[in-house]
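In this note's numbering, the protein residues as written are 1272 to 1626. Beta carbons: idealized from backbone N, C-alpha and C, even for Gly. These notes concern the structure reproduced below.
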Ligand SMILES: Cc1ncc(COP(=O)(O)O)c(C=O)c1O
């Protein structure tokens, strides 16, 4: 590919072009999240890699972590692994609406607590967590914080100049509208993180020790420069459009969906009924029908593609009372039209009435 020189590995034109693409993506990411220093955004292959880096890079044996019962396995599995390495974990139970009580999170912190790790919005129920209150409580206790923003980055405004989080991870391919195989970890200055991967960075090549400056400290090996170039373009679009505008549009669609679905007999909705308390994600079940069957009918008969099952978050389903079958999940985005919403509601009416 014409633009895919290896960034930072040479001074020739193709390498420089690639490095500029990555720099542009980083600068735009920083602008989306209101951070003046873009070097604090470390690129990763996806949110999972970023979350693993955050969790395994900050915890040490003897530490304690507070997390919630609505986390994705990308948080829970690394935490369970760390449990085997001498870390203890408290899982705070969220309510049946999928929202955790900030006071309960605060009460679970103790002397050895080093990290509070929580999802910004559940990928099953869409429930937005009271992150501001939780982050303030953790800060008062000198506890580091990690927010999994996979479901909110690019669709719910996040201003890191006011939201004082230490670590924030997200995918590039969801609300940020970039290609798959992209993601990032934001690391607030001063947060001590041990790199998960060490190696060539194209910088300080005379030294056989990992550089300690960002983003190089956490970015070893050849980058996904083609993916980053794509992400850079989608971020430019996002900046022109404004995340606030996207949020308003998605909330409007969620409002119509919630109202419409609540009126369909035999359909049960999970999560908050108020779009202001939810990201653009909604789970439901049709009474007496396996979620996989509902998903199949939506696709086969109406061309509507949804995800059914456990959504890599068994604990969220236990919390909602939908384990082990799971739910059907829909997630309108910035390009969803009201015509599509009407088509979906009519399809669901037909499926639920057995027509
Ligand atoms: C809340 C949440 N966290 C983490 C992830 C993992 O993201 P990725 O697939 O980019 O690794 C997802 C993906 O669905 C998610 O919804």
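(message) What I want to know is whether the C-beta of residue 1454 ends up closer than 8 Å to one or more non-hydrogen atoms of ligand 1.
(response) Of the heavy atoms belonging to ligand 1, at least one sits nearer than 8 Å to the Cβ of residue 1454.
(request) Check each candidate in 1582, 1415, 1290 and 1514 and name the one with the smallest Cα separation from residue 1426. (result) Residue 1514 is the option with its Cα nearest to residue 1426.
(request) Drop a sphere of 10 angstroms on the beta-carbon of residue 1606, count the other beta-carbons inside from all chains shown, and report buried for 16 or more, exposed for fewer. (result) Looking at its Cβ environment, which holds fewer than 16 other Cβ atoms inside 10 Å, residue 1606 is exposed.
(request) Using a threshold of 9 Å, state whether the C-beta atoms of residue 1400 and residue 1417 are closer than that. (result) In this structure, residue 1417 does not lie closer than 9 Å to residue 1400 by Cβ.
(message) Alpha carbons only, please: which of 1348, 1343 and 1349 is nearest the one belonging to residue 1395?
(response) That would be 1343, whose Cα lies nearest to the Cα of residue 1395.
(request) Count the other C-beta atoms from every protein chain shown that fall within 10 angstroms of the C-beta of residue 1409, then say buried if there are 16 or more, exposed otherwise. (result) It is buried - the Cβ of residue 1409 has at least 16 other Cβ atoms within 10 Å.
(message) Between which two residues does the alpha helix (DSSP H) holding residue 1223 run?
(response) Outside the modelled stretch of the chain, which goes from 1272 to 1626, sits residue 1223, for which no answer is possible.
(message) Please report the distance separating the alpha-carbon of residue 1284 from that of residue 1392.
(response) CA-CA distance, residue 1284 to residue 1392, rounds to 42 Å.
(request) Decide if residue 1468 is buried, meaning its Cβ has at least 16 other Cβ atoms within 10 Å, or exposed. (result) Answer is exposed; the Cβ neighbour count stays below 16.
(message) Using only the alpha-carbon positions, how far apart do residue 1287 and residue 1275 sit?
(response) Their Cα atoms are separated by approximately 10 Å.
(request) Could you pull out every residue in the same chain whose Cβ sits closer than 7 Å to the Cβ of residue 1333, ignoring the five residues on either side in sequence? (result) Cβ-Cβ distances below 7 Å link residue 1333 to 1357 and 1383 in the same chain, with the five nearest sequence neighbours on each side left out; the list follows chain order.
(message) Check whether the region 1511-1531 and the region 1313-1320 touch, using three or more Cβ-Cβ pairs below 8 Å as the test.
(response) Contact fails: fewer than three Cβ-Cβ distances are below 8 Å.
(request) Kindly identify the DSSP beta-bridge partner or partners of residue 1389. (result) The partner list for residue 1389 (beta bridge, DSSP) reads 1418.
(request) Tell me, to the nearest whole angstrom, how far the beta carbon of residue 1447 is from that of residue 1506; I am working on the premise that it is less than 8 Å. (result) Their Cβ separation, rounded to whole angstroms, is 7 Å, which keeps residue 1447 and residue 1506 in contact under 8 Å.
(message) If you reduce the DSSP assignment to three classes, tell me which class residue 1304 lands in.
(response) In the three-state reduction of the DSSP assignment, residue 1304 falls in the coil class, being assigned neither a helical nor a strand state.
(request) Consider the C-beta atom of residue 1494 and the heavy atoms of ligand 2; say whether any pair is separated by less than 8 Å. (result) Only ligand 1 can be found as ligands here, which leaves ligand 2 out of the picture.
(message) Mapping the DSSP letters down to three states, classify residue 1358 as helix, strand or coil.
(response) Coil.
(request) Please confirm whether residue 1340 and residue 1554 have their CB atoms less than 9 Å apart. (result) No, they are not a contact pair.
(request) Determine the direct distance from the alpha carbon of residue 1441 to that of residue 1420, and round the result to whole angstroms. (result) In this structure, the alpha-carbon of residue 1420 lies about 5 Å from that of residue 1441.
(request) Spell out the partners DSSP gives residue 1454 in its beta bridges. (result) DSSP, once it has assigned bridges, lists 1315 and 1442 as partnering residue 1454.
(message) Let me make sure I understand the geometry here. Which of 1430, 1458, 1450 and 1378 has the alpha-carbon closest to that of residue 1415?
(response) The shortest Cα separation from residue 1415 among 1430, 1458, 1450 and 1378 belongs to 1458.
(message) Taking the beta carbon of residue 1437 as the centre, do at least 16 other beta carbons fall within 10 Å, making it buried, or is it exposed?
(response) Around the C-beta of residue 1437, 16 or more other C-beta atoms lie within 10 Å, and the residue is accordingly described as buried.
(request) Starting from the Cα of residue 1354, find the closest Cα among 1365, 1364 and 1338 and give me that residue. (result) Of the listed residues, the one whose Cα sits closest to residue 1354 is 1338.
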